[in-house]
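Throughout, the numbering used here is defined as the position within the sequence shown, counted from one, plus 24.
A short write-up of the structure that comes next.
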Amino acid sequence: FDQANQLLDSMKNKEAFQAFTDFIKQFPNSALLPDAKYGLANAQFNLKNYKASVGTYQKLLDQHPDFVKNPEALLGLANAQIQLALIPEAKKSLKDLIKKYPKSDVIQNAQKRLKVLESIKP
């Protein structure tokens, strides 16, 4: 797990993707499973595999509702949705983030993105 995080931090995304995938398969009951899913979603996003990252972020949020990094995961989900031009979904993700985690470190970033999305006319 630590190696996977180091690979992600070093922007070795293919290697991080594989390391997180292996960790999730080998340790499905680990207390670090939410962290591994979060790392996997980030690696997928960095590899521009936005559709897969949306699925991984969504699974993380659904399966681990109390995970400490869920505000960041919601922001990552919204960013991936934006990349896929899923603007209504991205707006919902950002609104959920703002509503559920008003004191989060990423709240200002979420508010700015939502403001930009809401200024775009379909």
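All C-beta atoms in this analysis are idealised placements derived from N, C-alpha and C, irrespective of residue type, glycine included.
Secondary structure remark: continuous beta strand (DSSP E) runs of at least 3 residues inside the stretch 73-99: none found.
Linking Y62 to K136 through their CA atoms gives a straight-line distance of about 23 Å. The residues A28, L31, L32, G63, A67, in chain order, have a CB closer than 7 Å to that of A40 in the same chain once the five nearest residues on each side in sequence are set aside. Ranked by Cα distance from D120, the first of S143, I106, L101, L110 is L101.
By the criterion of a C-beta distance shorter than 7 Å, L99 is surrounded in its chain by L121, V130, N133, A134, once the five residues flanking it on both sides are discounted. It is roughly 16 Å from the alpha-carbon of P52 to the alpha-carbon of D26. Note on geometry: alpha-carbon atoms of S77 and F69 lie some 6 Å from one another.
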